[in-house]
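For the record, in the sequence shown the residue sitting at position 136 is 135 according to numbering that gives the first Met the number 0, with numbers rising by one throughout. For every residue, glycine included, the Cβ atom is placed at its ideal position computed from N, Cα and C. Written out below as structure tokens is the structure these notes cover.
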Amino acid sequence: MQCRCNVERVEDWLKPSAVLEAFEARATRMSIACAQNLSKFANSEEGFAELSADLVEAAVAHCQLIIHREIAARHSRKGVKEQLEVLCYVYALYLLHKHQGDFLSTGCITPKQASLANDQLQSLYSKVRPNAVALVDSFNYTDHFLGSILGCYDGNVYPKLYEAAWKDPLNESVVPSGYHEYIKPVLRQQIRTSRL
């Protein structure tokens with residue numbers, strides 16, 4: 000599969016077709032690479048065992064493609080809220096950033112286009128930031144589930160943060176474990192250096 004992404008400006012990454020094309024190229028390239036590598040083994044079971052990490056990565060890429068394809072299909076429908084669209088693009092461009100090497104190896108996107116995607120992602124983060132608390136609250140997760148003390152309703156955030164800090168296992172002793180063994184000798188320069 001030979002493709003060239005038509006992204007020339009930062010805003011072009013907000014076109015569902017551009018992102019979808021990059022995800023399709025990545026999933027296709029990874030699947031083809033797995034198939035080619037599997038064909039080198041005389042015993043397919045041995046090949047699957049040897050290439051299990053690559054097969055998992057290809058499966059993940061394919062699942063991410065399906066998720067993005069379904070999201071893109073719903074973008075065209077009216078009634079999709081702007082924040083949901085922004086979150087969808089944040090998710091897609093975050094994946095593109097996280098797996099940039101995979102996307103670049105397809106030849107579908109260039110390093111310049113990957114840089115533009117990162118710039119667009121930063122811009123989208125700025126759009127999401129003012130609504131971040133409301134978006135998290137919309138999932139109705141409890142503060143206990145999130146491990147958060149900041150969401151207490153009585154307004155006593157600082158006393159509760161202080162109390163939680165005292166309960167943290169890292170604060171059970173004044174001196175953390177490993178200090179006397181590793182850090183103190185370095186500070187006093189008592190550790191012998193290697194003579195390689």
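Near Arg-187, which residues of its chain fall below 7 Å by C-beta distance, leaving aside the five closest residues on each side in sequence?
When the five nearest sequence neighbours on each side are left out, no beta carbon in the same chain lies closer than 7 Å to the beta carbon of Arg-187.
Is the beta carbon of Ala-32 less than 9 Å from the beta carbon of Ala-57?
Ala-32 places its beta carbon less than 9 Å from that of Ala-57.
List in chain order: all unbroken alpha helix (DSSP H) runs of 4+ residues lying wholly within the stretch 45-133.
If we require 4 residues or more, the alpha helix (DSSP H) runs fully inside the stretch 45-133 come out as 51-74, 81-97, 99-104 and 110-127.
If you measure between the beta carbons of Tyr-90 and Ile-70, is that distance less than 9 Å?
Judged by beta-carbon spacing, Ile-70 lies within the 9 Å limit of Tyr-90, meaning their Cβ atoms are closer than that value.
CA-to-CA distance, Ile-65 to Gly-106, given in whole angstroms
Gly-106 and Ile-65: Cα-Cα distance of roughly 21 Å.
Among Arg-128, Pro-129, Lys-126 and Lys-159, which has the Cα closest to the Cα of Asp-197?
A query on residue 197 cannot be resolved here, the shown segment of the chain reaching from 0 to 195 and no further.
Among Asn-5, Pro-129, His-96 and Leu-134, which has the Cα closest to the Cα of Arg-117?
The residue you asked about is not Arg; residue 117 is Asn in the sequence shown. Checking every option, the nearest Cα to that of Asn-117 belongs to His-96.
Using 9 Å as the threshold, is the C-beta distance between Arg-28 and Asp-101 below it?
Contact check for Arg-28 against Asp-101 passes: the beta carbons are separated by less than 9 Å.
Less than 9 Å between the beta carbons of Asn-5 and Ala-17, yes or no?
Yes; because the gap between Cβ atoms is below 9 Å, this pair is in contact.
Have a look at Gly-177 and Lys-183 and give me their C-alpha separation to the nearest angstrom.
Straight through space, the alpha carbons of Lys-183 and Gly-177 are spaced by roughly 9 Å.
What do you get for Arg-8, buried or exposed, if any count of 16 or more other CB atoms within 10 angstroms of its CB means buried?
Classification for Arg-8: exposed.
Val-156, enclosing alpha helix (DSSP H) - first and last residue
For Val-156, the enclosing alpha helix (DSSP H) has its first and last residue at 156-166.
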